[in-house]
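**Q** Numbering (our numbering), first residue to last: 245 to 486. No residue lacks a Cβ here, since even glycine has one placed at the ideal position from N, Cα and C. Just so you know, these numbers come straight off a predicted model, no measurement behind them.
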Amino acid sequence: MDGSRIARLRNKFRYSQQELAEQAGVSPHTVFRAEKGNDVNTHSMRAIARALDTSVAYLLGETDKSIHEAAAKAGKTSEAAAPSEASAPSDARDANPSGFIRVRVRDRYNANLRGKDTGRPGDAAEFERTLLLPLPDLANRYGDDEVLGVYAESDSMDPIICFGDLVLFVPHEQSVVYAGVPMVVSYNKAILMRGVIENKNGTILKARNREYDDIHINKWDNFFIRGRIVKIFTTRDPRSVL
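#1: Shortest alpha-carbon distance to Gly408 belongs to which of Ala291, Met437 and Leu376?
#2: What number of angstroms, rounded off, separates the C-alpha of Asp399 from the C-alpha of Arg452?
#3: Between which two residues does the alpha helix (DSSP H) carrying Leu382 extend?
#4: Does DSSP put Ser430 in a helix, in a strand, or in coil?
#5: For Arg385, collect the residues of the same chain with a Cβ closer than 8 Å to its Cβ; drop the 5 residues on either side in sequence, then sort them by chain order.
#6: Going by CA-CA distance only, name the one from Asp389, Leu375, Val474 and Leu410 that's closest to Gln418.
#7: On the DSSP bridge list, what partners appear for Lys475?
#8: Look up Tyr456 in the DSSP assignment and say whether it is helix, strand or coil.
#9: In whole angstroms, what separates the C-alpha of Asp465 from that of Asn432?
#10: Between Leu253, Gly343 and Val420, which lies nearest to Gly471 when the distance is taken from Cα to Cα?
#11: Helix, strand or coil for Lys280 per DSSP?
#12: Check Ile469 in the structure and name its three-state DSSP category.
#13: At what residues does the beta strand (DSSP E) containing Arg348 begin and finish?
#14: Going along the chain, which residues of its own chain have a beta-carbon closer than 6 Å to the beta-carbon of Ile459, five neighbours each way excluded?
#15: Please list, in chain order, all residues of the same chain as Gly424 whose beta carbon is under 8 Å from its beta carbon, the five residues on each side excluded.
#16: Compute the Euclidean distance between the alpha carbons of Ser299 and Arg249, then round it to the nearest angstrom.
#17: Any idea if Pro378 is buried or exposed, counting beta-carbon neighbours within 10 angstroms, 16 or more meaning buried?
#18: Using the Cα positions of Gln261 and Phe413, report the straight-line distance between them to the nearest angstrom.
#19: For Glu371 and Gly305, I'd like the C-alpha separation in whole angstroms.
#20: Within a Cβ cutoff of 6 Å, which residues of the same chain sit near Lys427, ignoring the five residues on either side of it in sequence?
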């Protein structure tokens with residue numbers, strides 16, 4: 245285990261150890277151990293590599309080629325080629341370029357929202373646009389259209405997720421594996437990004453921004469988890485190659 249590589253990539257993404265843990269769905273102690281060069285289990289190692297857009301082999305020191313750095317040299321980092329809203333997908337399914345994945349994205353709201361947790365009913369959301377994105381790690385793990393995208397209409401998770409960011413999530417990964425892991429959820433008439441905590445007292449939607457109160461789910465709320473967040477585009481106008 246080369247802990248210095250984890251720390252270096254984490255700093256490039258401007259994550260704290262806590263934030264990397266939340267992105268990976270592991271405990272902060274696991275990230276701390278990994279950066280100290282201690283062994284962690286295979287599942288956690290893969291999750292950390294996925295959050296850092298690199299390979300397990302690179303983090304273990306088995307190769308000097310980082311997926312993220314190789315893409316950067318080619319001018320194809322996810323930030324540099326961040327996906328913009330593209331036209332509706334064609335029925336044609338040509339083979340994807342190596343390291344690319346097709347992602348279905350929900351259109352931005354038309355309402356003039358100003359960072360509040362309000363919006364259109366979540367059940368009515370349609371993911372009609374398709375982006376072809378250079379995300380090698382996601383492409384290796386998921387198939388086309390298994391990853392969905394939605395634009396943040398709140399700054400409740402600032403600084404991890406800011407108003408207008410494009411957030412990618414996996415709808416079939418709805419289990420809360422670590423308390424507070426960021427998820428996309430439907431809550432009454434809104435789609436939110438919140439840390440989800442489940443315990444014997446119920447479910448809590450935890451905000452990172454202290455200006456927002458945590459939400460305690462009750463039996464009258466229309467609530468369900470849409471999926472686990474796997475990528476955040478901090479650029480406001482990402483571009484697809486479609």
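**A** Taking the coordinates as given:
#1: It is Met437 whose Cα lies nearest to the Cα of Gly408.
#2: About 9 Å.
#3: Looking at the DSSP string, the run of the alpha helix (DSSP H) that includes Leu382 is Pro380 to Arg385.
#4: Strand, per DSSP.
#5: The residues are Arg294.
#6: Ranking the options by Cα distance to Gln418, first place goes to Val474.
#7: In DSSP, Lys475 forms a bridge with Leu412.
#8: Reduced to three states, the DSSP call for Tyr456 is coil.
#9: Whole-angstrom Cα-Cα distance: 6 Å.
#10: Out of Leu253, Gly343 and Val420, Val420 has the C-alpha closest to the C-alpha of Gly471.
#11: When secondary structure is reduced to three states using DSSP, Lys280 falls in the coil class, being assigned neither helix nor strand.
#12: In the displayed model, Ile469 falls within a strand according to three-state DSSP.
#13: Judged by DSSP secondary structure, Arg348 falls within the beta strand (DSSP E) whose first and last residues are Phe344 to Val349.
#14: Excluding residues within five positions, the ones whose Cβ falls inside 6 Å are Leu449.
#15: Glu266, Gly439, Val440, Ile441 and Lys450, listed in sequence order.
#16: Whole-angstrom Cα-Cα distance: 11 Å.
#17: The residue is buried, with at least 16 neighbouring Cβ atoms inside 10 Å.
#18: Within the model, the alpha-carbon separation for Gln261 versus Phe413 is close to 21 Å.
#19: One detail in the question is off: residue 371 reads as Phe in this sequence, not Glu. Approximately 39 Å, taken between the alpha carbons.
#20: A small correction: the amino acid at residue 427 is Met; Lys does not occupy that position in the sequence shown. Excluding residues within five positions, the ones whose Cβ falls inside 6 Å are Val440, Ile469 and Arg472.
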